[in-house]
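Each residue of the sequence shown is one higher than the one before, counting from 1 in the UniProt record's numbering. Input: a single structure, listed below in structure tokens.
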Amino acid sequence: MESRYADLAIASSEYPFCAWDATTDESIYTPLLLDPNAVYQPQLLSFAAHPHRVYKISASFPRVVYFSYETYSLRGHPLTSLPDLRIDPSWGKNPYREETTEEGAGTYEIYVTRDGNKGWPNEVRGLSEDHTNATQAAFSRVMDFVDNLSVVMLRLYTTEQPPSVWGGVDRPVISYTDDLGQTWKELQPCSDTTRYQFNRAMRQIGWTVYDFRYLIYHSQWYRLRSCHLLSKREADHPALFPDVNVQLGGNFVMVIEGTAPLTATGLFEGPRPVWNVTNYSTRYWSFAAADVFVPGPTYSSLTAQDMENFYGKGWDRRYKIVGATSIDIVKACGLDDPHALFLPYKNELMNNNPPAVPAVIEREMLARHMAMGLPSDKQSIEYVTSNCGKENKCLSIDFMKASLGDQYPSLQVYTCDVATGIKTPFVYQPYRRDYIRT
1 MESRYADLAI ASSEYPFCAW DATTDESIYT PLLLDPNAVY QPQLLSFAAH PHRVYKISAS
61 FPRVVYFSYE TYSLRGHPLT SLPDLRIDPS WGKNPYREET TEEGAGTYEI YVTRDGNKGW
121 PNEVRGLSED HTNATQAAFS RVMDFVDNLS VVMLRLYTTE QPPSVWGGVD RPVISYTDDL
181 GQTWKELQPC SDTTRYQFNR AMRQIGWTVY DFRYLIYHSQ WYRLRSCHLL SKREADHPAL
241 FPDVNVQLGG NFVMVIEGTA PLTATGLFEG PRPVWNVTNY STRYWSFAAA DVFVPGPTYS
301 SLTAQDMENF YGKGWDRRYK IVGATSIDIV KACGLDDPHA LFLPYKNELM NNNPPAVPAV
361 IEREMLARHM AMGLPSDKQS IEYVTSNCGK ENKCLSIDFM KASLGDQYPS LQVYTCDVAT
421 GIKTPFVYQP YRRDYIRT
């Protein structure tokens, strides 16, 4: 047992072996309810080798709508969030907070230290506050191994499909120092094989879970409360999702209607460039078709830009979305509409299985008041998620509608009998015991 702990300590001190050891790729699989328009680039970093270990990430500002760096402990605790407009450039300008041209967009450096308080520019915390010192007891060496590892996540959001892996710029360079910055050693990039193993593994987990579900839980689940929206709290991108926690099978149709917030048109282009935060309500906004059953695959998404392209010039921001596993189901029950966008709940990467627990997730990325450091704008998802309170007001449709106004997305869910064309709307039912089987 003692030698096993020693092996873990050695492995921790030698890690990382290469730079950017995993990635999410929507062409392989999109797990964990992530937006298919986002690319997540995680990196595991170890602080076990030296007490003064510092990591540096050097890169050009990407050409995306939004990006950020997040750090987490290996236990999953969020430590630091550094959004794009808070990053000071090392050369040139930060195009996310000041007007510039593509040629004038500069470079930046992010520094990851144990406690995030060593005086480096754009410094983020790598380890949780309670675990910055190594423990000595033999039994605790495993947790010491865990607590000396940090996860750094580069998130890139775009409205382009397919999303660029690095946001249209070169891969960020990761280097480290153990002598307070006198010398730096660069990590070599991880191979593509290493990086894409993560998504292949998640896809395999998804297939396994789905096969298990169809063998064991093929009967109806009665855990339906209502078709209103609940709030989900995230740091910089709060989201809403419907509490339609029931297995609907493949013949369901979701109809969503509302008013879209005003969003940024791009990093440099359009009437509402990213840097001019006074000209739009939120940086990025989307609806994603997802399955909340583990591992949380996401099938597709629609952004405000998709809607602008669909409705054309002079769009009044009103939208209608119809979600289903097939457009044929929508047509069979007379729910098709030439003025509605289609949100598919079907993905060849999941063997075209219908979602176990279908959901539509509304995301709002960096609302204007958050970017400007102002009090919450009442007509925002961030306001709703921040003001639920102990009473859990987010369960109240009245509270949601009063806050969001015309931006409240009305949702109706139907089951459709394709053979007869009869559609049956879901209505409120009293909460019943979890997973009652027929």
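Every residue gets a Cβ at the ideal spot worked out from N, C-alpha and C, and that includes glycine.
Asked, Found
"Endpoints, beta strand (DSSP E) assigned at Q43", "A38 to S46"
"N309 classed as buried or exposed, judged by whether at least 16 other C-beta atoms fall within 10 angstroms", "exposed"
"Alpha-carbon spacing of V330 relative to P162, whole angstroms", "26 Å"
"D406 in three-state terms, based on DSSP", "helix"
"Supposed close pair V274, Y96 - CB separation, criterion 8 Å", "5 Å"
"Under the three-state DSSP convention, the category T80 falls into", "strand"
"Alpha-carbon spacing of F61 relative to S128, whole angstroms", "28 Å"
"Selected residue, minimal CA-CA separation from W285, among D336, E364, M307 and G266", "E364"
"Distance between A367 and residue 479 (C-alpha atoms, nearest Å)", "Residue 479 is absent from the model: the chain starts at 1 and stops at 438."
"Nonlocal neighbours in the same chain, by C-beta distance under 7 Å from T420, ignoring five residues either side", "none"
"Nearest-angstrom Cβ-Cβ length linking A332 and A260, presumed shorter than 8 Å", "So it is not a contact: roughly 28 Å between Cβ atoms."
"Stretch pair the region 98-109 + the region 34-48: three plus CB contacts closer than 8 Å", "no"
"K313, enclosing alpha helix (DSSP H) - first and last residue", "Here K313 belongs to no alpha helix (DSSP H), and DSSP marks it neither H nor E."
"Per-residue DSSP class, three states only, for residue 482", "Because the chain is modelled from 1 through 438, residue 482 falls outside the range shown and cannot be assessed."
"Simplified DSSP state of K401, which is helix, strand or coil", "helix"
"Residue from E98, D88, N117 and K118 whose Cα sits closest to the Cα of Y108", "D88"
"Integer-rounded CB distance, given that V413 should sit under 8 Å from M254", "5 Å"
"Beta-carbon contacts of V169 that lie in its chain and below 8 Å, excluding the five residues immediately before and after", "A59, S60, F61, P62 and R63"
"Distance between G76 and P425 (C-alpha atoms, nearest Å)", "39 Å"
"Rounded separation between V39 and P78 - CA only", "19 Å"
"Y210 versus T71 - alpha carbon distance", "At Y210, the pLDDT of 43 sits below 50, so the modelled position is not reliable; the number obtained from the coordinates is stated separately. When rounded, the distance between both Cα atoms is 31 Å."
"Anticipated Cβ contact below 8 Å, A289 with G323, distance rounded", "5 Å"
"Collapsed DSSP secondary structure at D35 in the structure displayed", "coil"
"Reference V192; option with closest CA among E160, T80 and D21", "Checking the sequence shown, residue 192 turns out to be Asp, not Val. The candidate whose alpha carbon is nearest that of D192 is D21."
"Three-way DSSP call (helix, strand, coil) for R86 in this model", "helix"
"DSSP state of G206 mapped onto helix, strand, coil", "Because the pLDDT of G206 is 49, which lies under 50, any placement of that residue in the model is unreliable, and the number read from its coordinates should be weighed accordingly. In this structure, G206 counts as helix in the three-state DSSP scheme."
"Cβ-Cβ distance between Y176 and Y66 below 8 Å", "no"
"Residues bridged to W91 [DSSP beta-bridge criterion]", "T107"
"Member of G266, V173, P358 and H52 whose CA lies at the smallest distance from the CA of W120", "H52"
"Close-in-space but distant-in-sequence residues of the same chain around E123 (CB under 7 Å, 5 per side omitted)", "Y111, T113 and G116"
"Among R125, V173 and I422, the one whose alpha carbon lies nearest that of N148", "R125"
"Three-state class that DSSP yields for K331 in the structure shown", "helix"
"CA-to-CA distance, G334 to K423, given in whole angstroms", "8 Å"
"First and last residue of the uninterrupted beta strand (DSSP E) at G258", "F252 to T259"
"DSSP beta-bridge partners of I57", "I110 and I174"
"Residues that DSSP places opposite A289 in a beta bridge", "S300 and V360"
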